[in-house]
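> In this note's numbering, the protein residues as written are 18 to 425. Note that the Cβ used here is the ideal one computed from N, Cα and C, for glycine as well. None of these values were measured; they are calculated from a predicted model.
1. Measuring only the C-alpha atoms, how far is residue 19 from residue 265?
2. For residue 69, count neighbouring C-beta atoms within 10 Å of its own C-beta (all shown protein chains included) and say buried if the count is 16 or more, exposed if not.
3. Provide the residue span of the beta strand (DSSP E) that contains residue 317, from first to last.
4. Using the three-state DSSP reduction, which class does residue 69 fall into: helix, strand or coil?
5. Who does residue 84 pair with in a DSSP beta bridge?
6. Near residue 412, what residues of its chain come up, given a Cβ to Cβ distance below 7 Å and the 5 sequence neighbours on each side ignored?
7. When we look at the beta-carbon of residue 235 and count the other beta-carbons within 10 Å, is it buried (16 or more) or exposed?
8. Mind checking which residues open and close the alpha helix (DSSP H) that includes residue 245?
9. Do you know offhand how far residue 316's Cα is from residue 384's?
10. From residue 62 to residue 174, what distance separates their C-alpha atoms?
11. In the structure shown, what three-state DSSP assignment does residue 301 receive?
12. Straight-line CA distance for residue 152 to residue 71?
13. In angstroms, rounded to a whole number, what distance separates the CA positions of residue 39 and residue 55?
14. Taking DSSP's pairing of strands, which residues face residue 199 in a bridge?
15. To the nearest angstrom, how far is it from the Cα of residue 225 to the Cα of residue 206?
16. Give the DSSP-derived three-state secondary structure of residue 394 in the structure shown.
17. Measuring alpha carbon to alpha carbon, tell me which of 158, 154, 187 and 344 ends up nearest residue 169.
18. Tell me the DSSP secondary structure of residue 18 in three-state form.
19. DSSP puts residue 361 in a beta bridge; with which residues?
20. Would you list, in sequence order, the uninterrupted beta strand (DSSP E) runs of no fewer than 3 residues that lie entirely inside the segment 157-239?
21. Who are the Cβ neighbours of residue 131 in its own chain at under 8 Å, not counting the five residues just before and after it?
22. Measure the Cβ-Cβ separation of residue 328 and residue 366 and say whether it is below 8 Å.
23. From this set, 85, 357, 306 and 45, which residue's C-alpha is nearest residue 145's C-alpha?
24. Sort 116, 115, 124 and 95 by Cα distance to residue 104 and report the nearest one.
25. Please confirm whether residue 110 and residue 94 have their CB atoms less than 8 Å apart.
26. Identify whether residue 48 lies in helix, strand or coil by the three-state DSSP scheme.
27. Assuming residue 345 contacts residue 416 under a Cβ cut-off of 8 Å, what Cβ separation, rounded to an integer in Å, is found between them?
28. Let me know the secondary structure DSSP gives residue 293 once reduced to three states.
29. I'd like the span of the beta strand (DSSP E) that includes residue 108, first residue to last.
30. Using the beta-carbon count (16 or more within 10 Å), is residue 409 buried or exposed?
31. Considering only C-alpha positions, which residue in the set 171, 182, 159 and 263 is nearest to residue 200?
32. Pull up the distance between the alpha-carbon of residue 389 and that of residue 379, whole angstroms please.
33. For the beta strand (DSSP E) containing residue 33, list its first residue and its last residue.
34. Going by DSSP, name the residue or residues bridged to residue 12.
35. Closest to residue 393 by CA distance: which of 210, 370, 117 and 364 is it?
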């Protein structure tokens, strides 16, 4: 089995991981089941949108240069209905928002600009412009336009657009099938009483939530014992059914770090250690087409490793674009200590009134302190340096949530 003993930078590790990612097959789903899925094929508009000239407000459809002082109202046009009336000089048609413009008309005068007298109207304006308050055919989308590129995650707007263009089904990438395994005899369920030396298993629940948020289908989640033979057999079962297997704990160099030993017997080890903090012990292994990620047991280390590496692999497997989250430049609000490795500090980034992105970390950055990730919308990337980074200096940050519009 190949082994990499040298500590790799996060960039080197990502390159190795992405080189082993295989695109998942596609499937066709009903539009109602497509939210959050990754579009596998570009969507080309099969028709103009709107397909007819439509009124953008309630009013009267008229001929813009008609000089008649009075205009007879000869009919009504509602959304979803088409009348056979034809607007000619001296006439008008009552029309509602979204209704098709009747033949002969080329403008809509709002109701507030019209005086109604019996079955006639008087326009209380000197000029009506051609095309006023009318959406022309194809003004939003032309037949043949690329409207949604492949690799797009389908959200509410995309789903609505697909429906408006006549798509009841859509081709998407299959969700990655993921198994999540926590290890350690010290772990108990969240609702179990704690015995001597025991802790509650938070990583399994955290990683399941992270995988589902990344678009994966979690097909199994459980705990494994501190027994290398049983762990190996359990992992072998999960590899057979999964596209990705994620473990937490047991990947350091201690006597009881058994995941490392199990992974070496099951596949090719490509990564064992990273030049980063938190998350130095990190295993990436391939077994056939299945990707295995051995994350550290400390909760923050596991979460950072997932969001930087595993989530990126999941996006690549489904063809999501962009695959990697591009960092942004931020200005430090306070001094930040640096260490001997690239550090990913949990941080809050906000946008000042002048458009500058500013950042502060969330306090103590211990890899066991999961509270440091709660409310954080970014990872502040702190390269190693002999002296601290000072307030006002610029660093890179990887966003993991929306940027706030003011200081948090």
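From the atom records:
1. In the chain shown, the residue the question calls residue 19 occupies position 2. In the chain shown, the residue the question calls residue 265 occupies position 248. With a pLDDT of 47 at residue 19, under the threshold of 50, the predicted position of this residue should be treated as unreliable, and no value is reported.
2. Stepping through the chain shown from its first residue, residue 69 is reached at position 52. Exposed.
3. In the chain shown, counting from the first residue as 1, residue 317 sits at position 300. Note, residue 317: premise wrong, no beta strand (DSSP E); alpha helix (DSSP H) at 316-322.
4. Numbered from 1 along the chain shown, position 52 holds the residue referred to as residue 69. Residue 69 sits in coil when the DSSP states are folded into three classes, being neither helix nor strand.
5. The residue labelled residue 84 in the question sits at position 67 within the chain shown. Paired residue(s): none; residue 84 is not in a bridge.
6. One-based indexing of the chain shown puts residue 412 at position 395. Excluding residues within five positions, the ones whose Cβ falls inside 7 Å are 347, 349, 397, 398, 399 and 406.
7. Along the chain shown, read from residue 1 onward, the residue named residue 235 stands at position 218. Buried, by the Cβ-count rule.
8. Taking the first residue of the chain shown as position 1, residue 245 is located at position 228. For residue 245, the uninterrupted alpha helix (DSSP H) run begins and ends at 245-258, by DSSP.
9. Looking up residue 316 in the chain shown gives position 299. Looking up residue 384 in the chain shown gives position 367. Each residue's alpha carbon lies about 7 Å from the other.
10. Here the question's residue 62 lines up with position 45 in the chain shown. Here the question's residue 174 lines up with position 157 in the chain shown. Those two C-alpha atoms are separated by around 15 Å.
11. Mapped onto the chain shown, residue 301 falls at position 284. Residue 301 falls in the strand class under three-state DSSP.
12. Residue mapping note: residue 152 aligns to position 135 of the chain shown, counting from 1. Residue mapping note: residue 71 aligns to position 54 of the chain shown, counting from 1. Distance between the alpha carbons of residue 152 and residue 71: 5 Å.
13. For the purposes of this step, residue 39 is identified with residue 22 of the chain shown, where counting begins at 1. For the purposes of this step, residue 55 is identified with residue 38 of the chain shown, where counting begins at 1. A straight-line Cα-Cα distance of about 15 Å links residue 39 and residue 55.
14. Taking the first residue of the chain shown as 1, we reach residue 199 at position 182. Answer is 240 and 265.
15. Counted from its first residue, the chain shown places residue 225 at position 208. Counted from its first residue, the chain shown places residue 206 at position 189. A straight line joining the alpha-carbon of residue 225 with that of residue 206 spans about 15 Å.
16. As a first step, residue 394 is located in the chain shown; it is residue number 377 there, counting from the start. Residue 394: coil per DSSP, three-state reduction.
17. On the chain shown, residue 169 is found 152 positions in, with the first residue counted as 1. The alpha carbon of residue 169 has as its nearest neighbour, out of 158, 154, 187 and 344, the alpha carbon of 187.
18. Taking the chain shown and counting its residues from 1, the one referred to as residue 18 is at position 1. Model confidence at residue 18 stands at a pLDDT of 42, short of 50, so the residue's coordinates are unreliable; what they give is reported in the following sentence. In the structure shown, residue 18 adopts coil according to DSSP, grouped into three states.
19. Counted from its first residue, the chain shown places residue 361 at position 344. The partner list for residue 361 (beta bridge, DSSP) reads 398.
20. Taking only runs of at least 3 residues, the beta strand (DSSP E) segments lying wholly in the segment 157-239 are 163-165, 186-190 and 194-200.
21. Within the chain shown, numbered from 1, the residue matching residue 131 stands at position 114. If we look at residue 131 and ignore the five residues flanking it on each side, its Cβ neighbours are 76, 77, 138, 139, 140 and 141.
22. Residue numbering aside, residue 328 sits at position 311 when the chain shown is read from its first letter. Residue numbering aside, residue 366 sits at position 349 when the chain shown is read from its first letter. No, Cβ-Cβ distance for residue 328 and residue 366 is not below 8 Å.
23. In the chain shown, counting from the first residue as 1, residue 145 sits at position 128. With distances taken between CA atoms, residue 145 lies nearest to 85 out of 85, 357, 306 and 45.
24. Here residue 104 is taken as the residue at index 87 of the chain shown, counted from 1. Nearest of 116, 115, 124 and 95 to residue 104, Cα basis: 124.
25. Indexing the chain shown from 1 puts residue 110 at position 93. Indexing the chain shown from 1 puts residue 94 at position 77. Yes, Cβ-Cβ distance for residue 110 and residue 94 is below 8 Å.
26. Here residue 48 is taken as the residue at index 31 of the chain shown, counted from 1. It is helical.
27. Translated into the one-based positions of the chain shown, residue 345 becomes position 328. Translated into the one-based positions of the chain shown, residue 416 becomes position 399. Yes, they are in contact, since the Cβ atoms of residue 345 and residue 416 sit about 6 Å apart, within 8 Å.
28. On the chain shown, position 276 is the one that residue 293 refers to. In the structure shown, residue 293 sits in a strand (DSSP, three-state: E or B).
29. As a first step, residue 108 is located in the chain shown; it is residue number 91 there, counting from the start. Counting along the chain, the unbroken beta strand (DSSP E) around residue 108 starts and ends at 108-112.
30. Taking the chain shown and counting its residues from 1, one reaches residue 409 at position 392. That one is exposed.
31. On the chain shown, position 183 is the one that residue 200 refers to. Nearest of 171, 182, 159 and 263 to residue 200, Cα basis: 263.
32. Here residue 389 refers to the residue found at position 372 when the chain shown is read from its first residue. Here residue 379 refers to the residue found at position 362 when the chain shown is read from its first residue. So the alpha carbons of these two residues sit roughly 6 Å apart.
33. As a first step, residue 33 is located in the chain shown; it is residue number 16 there, counting from the start. For residue 33, there is no enclosing beta strand (DSSP E); the residue is found in the alpha helix (DSSP H) stretching over 27-36.
34. The first residue shown for the chain is 18 and the last is 425, placing residue 12 beyond what the model contains.
35. Position 376 of the chain shown, counted from the first residue, corresponds to residue 393. Nearest of 210, 370, 117 and 364 to residue 393, Cα basis: 364.
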